[in-house]
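Residue numbers (the numbering used here): 74 to 495. The beta carbon of each residue, even a glycine, is placed where N, CA and C say it ideally should be. First comes the structure, then the notes that go with it.
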Amino acid sequence: MPFHPNRALRFISCCRPQVERSCSDVVGTCRSLESPECEPRPTLGVVDLRACYRGVKLGLRLFIGTPSITLILAALPIAAWSQAPVQAAPKSLSASIPEVLANTHVASVSFAEIVNGKLTIAEAFGEQSPGVPATTSTLYNIASLTKPISAEVILRLASQGKLSLDEPMYLYWTDPDIANDERRKLLTPRLVLSHQTGFPNWRRETGGRLAFIRTPGTAYGYSGEGFEYVAHFTEKRTGHAFETLARQLIFEPAGMTSTAYTRRDWFKGRIAVPTDGEGKWLVPSVADKFSAADMVYTTPSDYSRFLIGVMNGQGLSSAVRADRSRMQVDHDFKSCTAAWAAGCPDEVGFGLGWEIIKVKGKTFWMHTGRDSGLFTVGYIDPFERTGTIIFTNSERGAEVVVPLLHLLGADPVFIAYLEGQR
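Encoded structure:
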């Protein structure tokens, strides 16, 4: 089916259901997410992406395709993952992907593929900044793909007995905004990782003060504030900075040498500069203050090392590993119409850090990220030990995901599920 610009524009419009705040000033320094001088920026939550991808299915069949991932949905020692040579993209991809970028006006795409638990392909196309080609070393702000990394820190600490997923967090940390609300005593790490805190996504949605919009543990509700909350709790509980814990528990064991929560000297000359829907270059946001929910910078290759560790259950006890695989809360899921029965899931919900999708006897874990001028996505089949990571530096980045998945020969069951999100 030919590319239809008018349908693509409808897709872009529907991909802006929420507003987050850009924290970059003229030199790209990130301040507090609640800073009043921050500019609005669109972001996508888990459920919003289902609506977002409807437009992909209708308007973006550059190759056969449709959408990718609602949430999408930690790492082997270097010696383990490096045994398999990482290949460049096959010639068919090298010839086709530049056409996809040109048709969608996406500045660049960088991706990695995992097969049989090993990183097999890593490649980049397009420009990371004006006149500078993207490479596999280009660093991308992965937005909410930060959350699975932060969740894994909590899970590995729980496996070591240094905290419990079900202990009340108020004994170590209470945000001053909710100090007089008794419901704070219900908050646990488990409720954070499965998005059941009852918090809004960001506190600006409740007048700039953190507040409950529902009782914790009663329903799903995507929340970045929840991840900030559990990070504060973790620091108080362990006596260590969260970034230090992430480095010790995740980055170093995985050999993730190109991943950081906050600005590093080695970022210089490597950042993928975001672009708006018209292709205008924007100012990148780089965090000087840690966030557990947003703005980790990394490469698809590094993130694949994290995902390989996740698939291997690295650093997890058998009990925590089994718990992470369990769906903790269901989404509000509408039954499929007959026309989309091939991709109709049996269950869709959230686990501990990942959206879990069960369809046609298969299970997928997914997560996406979206900040102003960028879109990222990653998913795995933890049993088949396969997965794909796709980073872009474009507001329209979601438009390249499905064509690329088809070119990579992604699981047809997974693609059918994506095509059925209408």
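According to DSSP, which residues form a beta bridge with residue i?
i      : result
Gly470 : According to DSSP, which records beta bridges pairwise, Gly470 is partnered with nothing at all.
Phe198 : Val182
Leu212 : Ile344
Trp354 : Thr348
Ile462 : Ala185, Gly451
Lys220 : According to DSSP, Lys220 bridges with nothing at all.
Lys191 : Val188
Ala168 : For Ala168, which the question treats as bridged, DSSP gives no partner whatsoever.
Pro476 : None; Pro476 has no bridge partner.
Phe241 : For the record, residue 241 in the displayed sequence is Pro; it is not Phe. In the DSSP output, where bridge partners are listed per residue, Pro241 has none listed.
Val205 : Ser202
I think residue i touches residue j, with their Cβ atoms under 8 Å apart; what is that distance to the nearest whole Å?
i      : j      : result
Ile453 : Met384 : 6 Å
Pro221 : His440 : 5 Å
Val359 : Arg343 : The Cβ separation is near 11 Å, so there is no contact.
Thr288 : Gly271 : 6 Å
Ser499 : Leu480 : Here the chain comprises residues numbered 74 to 495, so residue 499 is not present and cannot be evaluated.
Val402 : Gln233 : Wrong, their Cβ atoms sit about 25 Å apart, outside the cutoff.
Pro273 : Lys258 : That pair is no contact at about 19 Å.
Ile430 : Tyr490 : 6 Å
Ser390 : Leu192 : With a Cβ gap of about 26 Å, Ser390 and Leu192 do not count as contacting.
Leu447 : Gly482 : Between Gly482 and Leu447 the Cβ distance is about 25 Å, and since that is not below 8 Å, they are no contact.
Output yes or no for whether 8 Å exceeds the beta carbon distance between residue i and residue j.
i      : j      : result
Ile187 : Thr459 : yes
Pro418 : Val432 : yes
Asn466 : Ala345 : yes
Phe363 : Tyr334 : yes
Phe315 : Ala365 : yes
Ser331 : Leu238 : no
Arg282 : Asp250 : yes
Ser296 : Leu355 : no
Thr461 : Val369 : no
Leu266 : Gly290 : no
Val474 : Ile463 : yes
Pro373 : Phe184 : yes
Ala496 : Thr449 : In this structure the chain extends from 74 to 495, so residue 496 is not present and cannot be described.
Gly493 : Gly416 : yes
Arg310 : Leu260 : no
Ala327 : Gly382 : yes
Leu174 : Gly199 : yes
Met329 : Asp361 : no
Report yes or no: do three or more beta-carbon pairs, one from the region 294-309 and one from the region 221-229, lie closer than 8 Å? yes
Does the region 394-401 come close enough to the region 423-430 that 3 or more CB-CB pairs lie under 8 Å? yes
Would you check if the region 348-359 and the region 318-333 touch, i.e. whether three or more CB-CB distances between them fall below 8 Å? no
Using 8 Å as the cut-off, can you tell me whether the region 201-216 makes contact with the region 178-193, which would need three or more C-beta pairs spanning the two stretches below that distance? yes
Quick one: complete alpha helix (DSSP H) runs, 4+ long, within the region 363-451? 373-385, 391-397
Alpha helix (DSSP H) runs contained entirely in the region 247-333, provided each spans 4 or more residues: 262-266, 297-311, 315-319
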